[in-house]
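**Q** Quick note on numbering: the UniProt record's numbering labels position 162 of the sequence shown as 162, and the sequence is numbered without any gaps.
We put the CB at the ideal spot given by N, CA and C, even for glycine.
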Amino acid sequence: SNLVTYDFATFFINKIKNISAQFSTPQSIKHISPANIHSFTSFSSLSEAEGSKLILSNHPTTCPLDPIPSHLLQAISPAVVPALTHIINISLHTGVFPSSFRQARVTPLLKKPTLNPSLLENYRTVSLLPFIAKTLERAVFNQVSTFLTQNNLLDSNLLDSFRSGHSTETALLSVVEALRLAKAESKSSILILLDLSAAFDTVNNQILLSTLLAKGISGTTLQWFESYLSDRSFKVSWRGEVSKSQHLTTRVPQGSVLGPLHFSVYMASLGSVIQKHGFSYHCYADDTQLYLSFHPDDLTVAARISACLTDISCWMKDHQLQLNLAKTELLVVPANPSFHHNMHHQVRHINHNSFKNS
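(1) Quick check: the stretch 324-333 against the stretch 188-199, are there 3 or more CB pairs under 8 Å?
(2) Could you pull out every residue in the same chain whose Cβ sits closer than 7 Å to the Cβ of E121, ignoring the five residues on either side in sequence?
(3) Please state whether the Cβ-Cβ distance between F131 and S70 is less than 8 Å.
(4) Label H262 either buried or exposed according to how many other C-beta atoms from any shown protein chain fall within 10 Å of its C-beta, with 16 as the threshold for buried.
(5) How far does the alpha helix (DSSP H) with E169 in it extend, from its first residue to its last?
(6) For A307, which residues in the same chain have their Cβ closer than 8 Å to its Cβ, ignoring the five residues on either side in sequence?
(7) Any Cβ of chain C within less than 8 Å of the Cβ of L331?
(8) In chain order, what residues of the same chain have a beta carbon less than 7 Å from the beta carbon of L54, not counting five sequence neighbours either side?
(9) Who are H282's beta bridge partners in DSSP?
(10) Within the continuous alpha helix (DSSP H) that includes R304, where are the two ends?
(11) Since T250 contacts S20 with CB under 8 Å, what's their CB separation in whole angstroms?
(12) In the structure shown, what three-state DSSP assignment does V106 receive?
(13) Would you tell me roughly how many angstroms separate the C-alpha atoms of S77 and H282, rounded to the nearest one?
(14) Near L109, which residues of its chain fall below 6 Å by C-beta distance, leaving aside the five closest residues on each side in sequence?
(15) Spatial neighbours of G216 within its chain, please: CB distance less than 8 Å, with the 5 preceding and 5 following residues excluded, ordered by chain position.
(16) Measure the CB-CB distance between K187 and H295 and report whether it falls below 8 Å.
(17) What does a CB cutoff of less than 7 Å around S42 pick up in its chain, not counting 5 residues either side in sequence?
(18) Tell me, please, which residues DSSP counts as bridged to Y266.
(19) Are S45 and N89 close, meaning C-beta to C-beta below 8 Å?
(20) Who are the Cβ neighbours of L292 in its own chain at under 6 Å, not counting the five residues just before and after it?
(21) Is S237 near A9, with beta carbons less than 8 Å apart?
(22) Got a sec? Which residues, its chain only, sit under 7 Å from Q143 by beta carbon, not counting five neighbours each side?
(23) Using a threshold of 8 Å, state whether the C-beta atoms of L290 and I192 are closer than that.
(24) Buried or exposed, going by whether 16 or more other CB atoms sit within 10 Å of the CB of H352?
(25) May I ask you to report which of helix, strand or coil DSSP gives K327?
(26) Fully enclosed by the stretch 196-283, which alpha helix (DSSP H) runs are 4 residues long or longer?
(27) Just grab the DSSP bridge partners of L189 for me.
(28) CB-CB under 6 Å to T62, same chain, minus the five flanking residues each way: which ones, in chain order?
(29) Might you give, ordered along the chain, the residues of its own chain that have their beta carbon closer than 7 Å to the beta carbon of D66, omitting 5 neighbours on each side?
(30) Suppose contacts are defined by Cβ-Cβ distances below 8 Å. Is residue 437 in contact with L179 by that definition?
(31) Look up Q322 in the DSSP assignment and give the residues it is bridged to.
(32) In terms of residues, what are the limits of the beta strand (DSSP E) holding V126?
(33) Measure the alpha-carbon distance for H319 versus V273 and round it to whole angstroms.
(34) Checking the sheet assignment: what are the DSSP bridge partners for F40?
(35) What residues in its chain sit with their C-beta under 8 Å from that of D7, if we drop five residues either side in the sequence?
(36) Using beta-carbon positions only, say whether L209 and S233 come within less than 8 Å of one another.
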């Protein structure tokens, strides 16, 4: 491959710009806040013991932006914990995320080993972030996730991507078990795997901040998130070369501690859109599966799928996310073999898009 850092940086930036250009300036989105919602206006200070625990529990992945290797920093933690805890507390109290922490080093990774490595679209971006920045993110994550979960402000179907003991495997098992139980009751099922184009990269900061505000996050806490999201930049590292810095106006950094939580907050209102049409759903980060079980003689299924996908497309447009129907997959789990062919014939061209049949 003759690809260079400039090619990657230009491709990644243009991809985001091309998706964002399809949407107008975001309008004010109506958020329905829970009754008697609590407010989270300021962070609690960290003790040195808590700061030490954060540093030692953080996975020691070293970023080129780190002044010293993270494993060495952990080894000398008794000497540096007081200063680092002080830095974290200043950030929490002032609502300012240090500008040097908003820089990322992006390493392109081939999405699948079988893909052509000379094509830019076959790579995904993963942000390498400074170790101390991720430690600060962890301090914020612990307090904000506790607030959101204790006040039931996040849909439980959206939480697996950042809950301890949960993974893509547990998400898959949950969906498979639901389909298995439906088949045991002689019901057929439709499973739809939504595909979003560059989902984390196109999260709109204004919409995310307004969603956080609707969840009760305000004051210095909201100010901190605004600082965290603003003026971010990245450089691409590829085969020993580093590109020029590129400025970002949207994006939840993949590889960050807060990324999955931010994306779950951003997607929170999608659940009610899906449930309105009688579908169940499960999300893991930007992977969303919706499924519907029904008796084989139900003639309304194709219409319900069409209506649900239409509303999902509208929701995605309002939130400046691009739903790629051409890559959205549909799986039929039939109650009997004859149903499989008939259902595929009904739904394969819903909304004038051909699904990928799985």
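**A** In brief:
(1) The stretch 188-199 and the stretch 324-333 touch, with three or more beta-carbon pairs separated by less than 8 Å.
(2) Beyond the five residues adjoining it in sequence on each side, E121 comes within less than 7 Å, by CB distance, of no other residue in the same chain.
(3) In this structure, F131 lies near S70, with their beta-carbon atoms less than 8 Å apart.
(4) Result: buried.
(5) Run containing E169: 168-184, per the alpha helix (DSSP H) assignment.
(6) Once the five neighbours on either side are set aside, the close Cβ partners of A307 are H277.
(7) Given the protein chain composition of this structure (a single chain), no chain C is represented.
(8) Excluding residues within five positions, the ones whose Cβ falls inside 7 Å are T135, R138, A139.
(9) Per DSSP, Q289.
(10) Run containing R304: 301-318, per the alpha helix (DSSP H) assignment.
(11) That belief holds up - the Cβ atoms of T250 and S20 are roughly 6 Å apart, short of 8 Å.
(12) DSSP places V106 in strand when its eight states are reduced to three.
(13) Taking the straight line joining both Cα atoms gives about 40 Å.
(14) Setting aside the 5 residues that flank it on each side, L109 is surrounded in the same chain by R124, V126, each with a C-beta closer than 6 Å to its C-beta; the list follows chain order.
(15) Within its own chain, the residues whose Cβ lies closer than 8 Å to the Cβ of G216, once the five positions on either side in sequence are excluded, are S33, I37, H38, S39, F40, F147, N151, L153, listed in chain order.
(16) Between K187 and H295, the C-beta spacing is below 8 Å.
(17) Excluding five sequence positions before and after S42, the CB atoms of its chain that fall closer than 7 Å to its own CB belong to G219, T220, T221, given in chain order.
(18) Looking at the DSSP assignment, Y266 forms no beta bridge with any residue, so it has no partner.
(19) Against a cut-off of 8 Å, the Cβ pair of N89 and S45 comes out as a contact.
(20) Listed in chain order, the non-local C-beta contacts of L292 below 6 Å within the same chain comprise I190, F279, local neighbours out to five positions each way being set aside.
(21) No, Cβ-Cβ distance for S237 and A9 is not below 8 Å.
(22) Once the five neighbours on either side are set aside, the close Cβ partners of Q143 are F43, S44.
(23) In this structure, I192 lies closer than 8 Å to L290 by Cβ.
(24) For H352, the pLDDT reaches just 48, beneath the cut-off of 50, and the residue's location in the model is therefore unreliable, leaving the point undetermined.
(25) Coil, per DSSP.
(26) List check, alpha helix (DSSP H) in window: 205-214, 219-229, 259-267, 270-275.
(27) According to the sequence shown, residue 189 is Ser rather than Leu. Looking at the DSSP assignment, S189 forms a beta bridge with S293, V333.
(28) Same-chain partners within the cutoff: P69, S70.
(29) Excluding positions up to five away in sequence, the list reads P130, F131.
(30) As displayed, the chain neither begins before 1 nor continues past 358, which places residue 437 out of reach and without an answer.
(31) For Q322, DSSP records a beta bridge to S197.
(32) Taken as a continuous stretch (DSSP letters only), the beta strand (DSSP E) holding V126 covers 123-128.
(33) Spanning the two alpha carbons is a distance of roughly 13 Å.
(34) Bridge partners of F40: I217.
(35) Only L120 meet the Cβ criterion.
(36) Contact flag unset, no.
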